[in-house]
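One structure is given below, encoded as C-alpha cells.
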Amino acid sequence: MNRREFLKNTAKAVAGVTVPLAAIEILSPARVQALKADSSVRWAFLVDTYKCVGCGLCVKACKNENEIPYEANVTRTWVERYVLTKDGKLYADSPKGARDGFTSAKIDLGMGKFQDIRKEDIKKAFFVPKLCNQCENPPCVQVCPVGATYQAPDGVVLVDRTWCIGCGYCIMGCPYGVRFFHPKYHTAEKCNFCYHRINKGLKTACVQACPFGARQIGNIKDPNDPVAKIITTERVGILKSEFGTKPQVFYIGLDEEVR
Amino acid sequence: MVHGELWTLKELFVTPNEYIYWSVQIVMYPFMTGLVAGAFVLSSLYHVFGIKELKDIARFALVFSFALLFAAPVPIILHLQHPFRGINNLMTPHFTSAIAAFGIVFSTYGAIVASELWFLYRKHFVEQSQFLKKKQDKDFGEKLFYLIYTALTLGSFDISKEAQHKDEKAIKILAAIGIPVACFLHGYAGFIFGSVKANALWMTPLMPVIFIMSAVVSGIALCMLTYIVTMEIRKFLACKKQSPTYSPECREEIKSVEVNVIKMTAKYLLFFLIFAISLELLDLIFRGYTATKSWDVLRSVIYEKDFNSIFVFQYGIGNLIPFILFLLPGMTIRRAVVGVVLVMFGVFMMRWNVVIGGQAFSLTFAGYMHYHLPIIPHDWETLKEGLFGALAVFIMPFVLFFFLTKIFPIFGLKESH
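Keeping their order, the protein sequence lines are chains X and D.
Residues in the first sequence are numbered consecutively from 1, following the numbering used here.
Residues in the second sequence are numbered consecutively from 1001, following the numbering used here.
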C-alpha cells in the first residue's frame, strides 16, 4: 500500500466510523424511564393568584422536597409581591423567593434599601407564585449543547445532573428566570413539577403545602381532570406569550404588570 | 454560596434566581475567538487576494492565529461548572444548540489553519530535517528538532519547483476556504448571543455580523501590535554590538520594513473599523427607533448605568481616538502602537458590554444587576472567573506563539510563495 492509498483508506475508515458513532446517543437509565412516560398525559399547572396570600409555605416545601439548600438564595419556585400605588408607580419584590413569607410590608429594593408604602396609597396589591412553565416549546432544551436538558413525552422538562456540563446557556435561554446552578451539584437546576411524585399519583410538594388551594396540577389531556376543566373553560393567562414558548402554567387573575 | 452571587449586586425588582452567570471568561471567549478569526483574515488578504504589501505580516499572522487557536476554547472550559464534562459536547452534540456547533466549526477551522501552515512550512521542514540528518554529533536540542522536523514533513520530502508550486496552490485554496470558515467561527460566537430570545439586548440578527467585523478589527490590531513588538526586539538585537547580526544597515532595513507594513495594515484596520462601528451604531439606532417593550430598560442601561463603559470606553477611547490616530497623515510606529492598543481595548469593551451589559437588567424589566469583577481570588471560582483567569487566557497565546516560532520561524525564511 502506498502513502496515497493509505491516506485514502484512513479517510474512508474515519468517515465510516464517525457517521454511525454520531447516530449513537448515550442515554442515562433515568432518561430512558422518562421517555417511556405515558403520552396520554400532559402535565399542566394552574395558579390562582386570587387565593395566594404570600405565606411562602410552597417555597419552603419545595426546598425541602428537592434538596435545594434552605439558605441558598436560589429556588425552584418563588412568590412575587406586586403593589401598585395610586400615583401609578409599581413596586415588586420577592425577598429570598418568599421562602419565609412576606413578613414585612416594606418593599425590598435591593442593595439594602427598603420602601415603606402607606396602606392608603395602595391602589392594588397581589401575590404571584412562579415556577418552571414546562413550555411546549422550551428554549432551554433547544440551547442545551449536550442534551442534558430534555423533554419527556408528558411535557415535563427534565435535567440530567450526571450529564450537564454547567455552561449556563439554558439559564440564559429561559425567558422566565426559573433556572439556576444547583449550589451543591453545580449543574443546571429547575422545577420539574416534582416528577418523582406526580409519576406516583401524588401532588407536587408545593401543591400539597399550599393551604389555600392557590396551586393545582393536573393532566390537560384528561377531560375529566378538574384542572383541565378550568384551563379549557375559564379565562386563564400565561406568562410572556410573545416568546412563543407556549407555557403550561396557567394563571387565574393574571395582571399586565406581571412579567 | 450560589454561583454568581459573589459578584452580583441586585437593585430593585430582580427575581431570586437571576445573577450575572456569564462572567469575564464569557467576555474573553468571543474576544479570543475574534482574535483568531481576525488574524487569519489578515493572513489571507495576501494569500488569496495577493495584496503584496501584506506579504511580511501574512506569515506572521498565520502562525499567530494558530497560537491563538489553542487559547480560544480555554475561557469556555474555565467557565464550565463541570469542565471535565466538556467532552460531552463532542460526544452527544445537540445540534439545535449554537454551542454544540463549536466542536465542528472549531476543529474544521483548526484543520484548515494547520494544513495551510504545513504547506507554507513544508519546504522548511524538509530542509531542516535533511540538514540535521547530515549533521554529525548532534546535541540534545538538535536531536529533538531533527525528530520534530522529520515528523512534520509527514514523509513528503519532495521540494522540487513543481512540488512547491503545488504547495502554493494548496495554500491559496486553503486560505480561500479559511476566510468563510473563520467568519463562520466568529459569526457563530455572535449567534450564541444573538439567538437568545430571552435577552432583549442580545436578540438581534445583526449580532453575528457585528461580531465578525469587530473580530477582524481586533485580530488585525493584535497582529500589528505583536509584529511591532517583535520587530522592535529584532531592531534591539541588531543594535547590540555583541550580536552576530549587528549592522546599522540591518537595523535601518528592519525599521523601514516595519513602517511600510504597519502603514499598509493600518489602512485595512481602518477599513474594517468603519464597518464595525457603523454596524454597532446601526443596531443602537434601530433599537431606539423601533422602541419595543424592552427599550425602556435597555435605554436606562445603555444611556445611564453603562454609559461610561459604552460611550466613553468603547466608542470614545476604543473607537473614536484610534480612528483619528489612523486617519491623521504621517503614521509613526509609536502612534500605531497607541492606536492598536486602543482598538483592542475598544473591542474588548464591546464584548464586555454585550456579555455583561446583556445581563445588567432583570427579566422583569424592573430591576438591575451590577457585576463586580473578582480581583483578589479567594477560591478556585474567583481565581478562574476573575481578573487573573482572564489575564492568564490573554497571555497564553503569546507564550504559545513564542514556542511555535521555534518550529515555524516567522522571519529570515526564504519566501517562495
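Idealized CB from N, CA, C, for every residue including glycine.
In terms of residue numbering, what span does the beta strand (DSSP E) encompassing N219 (chain X) cover?
215-219
Excluding the five sequence neighbours on either side, which residues of its own chain have a C-beta within less than 6 angstroms of the C-beta of F1191 (chain D), listed in chain order?
A1098, P1208
Under 7 angstroms by beta carbon: chain X residues contacting L1080 (chain D):
I165, G166, C167
Using a Cβ-Cβ cutoff of 7 angstroms, what residues of the region 142-161 of chain X are near chain D? List them in chain order.
Q142, V143, C144, P145, V146, G147
Candidates D:M1224, D:A1392, D:F1040, D:L1237: which alpha carbon is nearest V1341 (chain D)'s?
D:M1224
Can you have a look at K190 (chain X) and say buried or exposed, based on whether 16 or more other CB atoms are within 10 angstroms of its CB?
buried
Using a C-beta cutoff of 8 angstroms, does A1100 (chain D) count as contacting chain X?
yes
Short of 7 angstroms Cβ to Cβ, which residues in the region 69-80 of chain X face chain D?
A72, N73, V74, T75, W78
Roughly how many angstroms lie between the CA atoms of V1355 (chain D) and F1070 (chain D), to the nearest whole one?
22 angstroms
Just to confirm before moving on: does the CB-CB distance between M1344 (chain D) and S1214 (chain D) stay below 8 angstroms?
no
Going by beta carbon distance, what residues of the same chain come within less than 6 angstroms of F1060 (chain D), once the five residues before and after it are set aside?
Y1227, I1410
Which bits of chain X does E1385 (chain D) rub up against, with CB to CB less than 7 angstroms?
Neighbours of E1385 (chain D) on chain X: none; closest Cβ ~11 angstroms, over 7 angstroms.
When DSSP builds the beta bridges, which residues end up paired with H1047 (chain D)?
DSSP, once it has assigned bridges, lists no residue as partnering H1047 (chain D).
Please classify H1003 (chain D): is it buried, with 16 or more other beta-carbons within 10 angstroms of its beta-carbon, or exposed?
buried
Range covered by the beta strand (DSSP E) that runs through V79 (chain X):
78-85
Please confirm whether W1352 (chain D) has its beta-carbon closer than 8 angstroms to some beta-carbon of chain X.
no
Which runs of the alpha helix (DSSP H), 4 residues or longer, sit entirely within the region 106-160 of chain X?
139-143
Proximity winner among D:R1122, D:I1087, D:I1173, D:S1107, relative to G147 (chain X) (alpha-carbon distances)
D:I1087
Pick out whichever of D:Y1109, D:T1015, D:T1033 has its Cα sitting closest to the Cα of W78 (chain X).
D:T1015
Short-range partners of chain X found in the region 1020-1047 of chain D, where Cβ spacing is below 7 angstroms:
Y1021, W1022
Any residues in the region 84-104 of chain X with a beta carbon nearer than 9 angstroms to a beta carbon of chain D? Which ones, in chain order?
L90, Y91, A92, D93, S94, P95, K96, G97, A98, R99
Mapping the DSSP letters down to three states, classify W43 (chain X) as helix, strand or coil.
strand
If N1353 (chain D) and S1294 (chain D) are in contact, beta carbons under 8 angstroms, what's the gap, nearest whole angstrom?
Rounded, the Cβ-Cβ distance is 16 angstroms, inconsistent with contact.
Consider the Cβ of G1367 (chain D): report whether some Cβ of chain X lies at a distance smaller than 8 angstroms.
yes
List the endpoints of the continuous beta strand (DSSP E) containing H1370 (chain D).
1367-1371
Just mark H1165 (chain D) as buried or exposed, buried being the case when its beta carbon has 16 or more other beta carbons within 10 Å.
exposed
Please identify the residue among D:G1367, D:A1366, D:L1387 whose C-alpha is closest to the C-alpha of G1376 (chain D).
Residue identity differs from the one stated: residue 1376 (chain D) is Ile in this sequence, not Gly. Looking at the Cα atoms, D:L1387 is the closest of the given residues.
In chain D, which residues lie with their C-beta within 9 angstroms of the C-beta of C191 (chain X)?
Within chain D, no residue comes near C191 (chain X); the closest Cβ sits about 10 angstroms away, beyond 9 angstroms.
List, in chain order, every chain D residue whose beta-carbon is nearer than 9 angstroms to that of C194 (chain X).
Per Cβ cutoff of 9 angstroms: no residues; C194 (chain X) is ~18 angstroms from chain D at best.
Any contact between the region 1196-1211 of chain D and the region 167-177 of chain X? By contact I mean 3 or more CB pairs, one from each, below 8 angstroms.
yes
Does P1016 (chain D) have its Cβ less than 8 angstroms from a Cβ in chain X?
yes
If you measure from the beta carbon of V1196 (chain D) to each beta carbon in chain X, is any gap under 8 angstroms?
yes
Taking all protein chains shown into account, do 16 or more other C-beta atoms lie within 10 angstroms of the C-beta of I1324 (chain D), making it buried, or fewer, making it exposed?
exposed
Determine the contact status of V83 (chain X) and I68 (chain X), defining contact as a CB-CB distance below 8 angstroms.
no
Bounding residues of the alpha helix (DSSP H) (the contiguous stretch that carries V227 (chain X))
226-233
Under 8 angstroms between C-beta atoms, does P139 (chain X) make it to chain D?
yes
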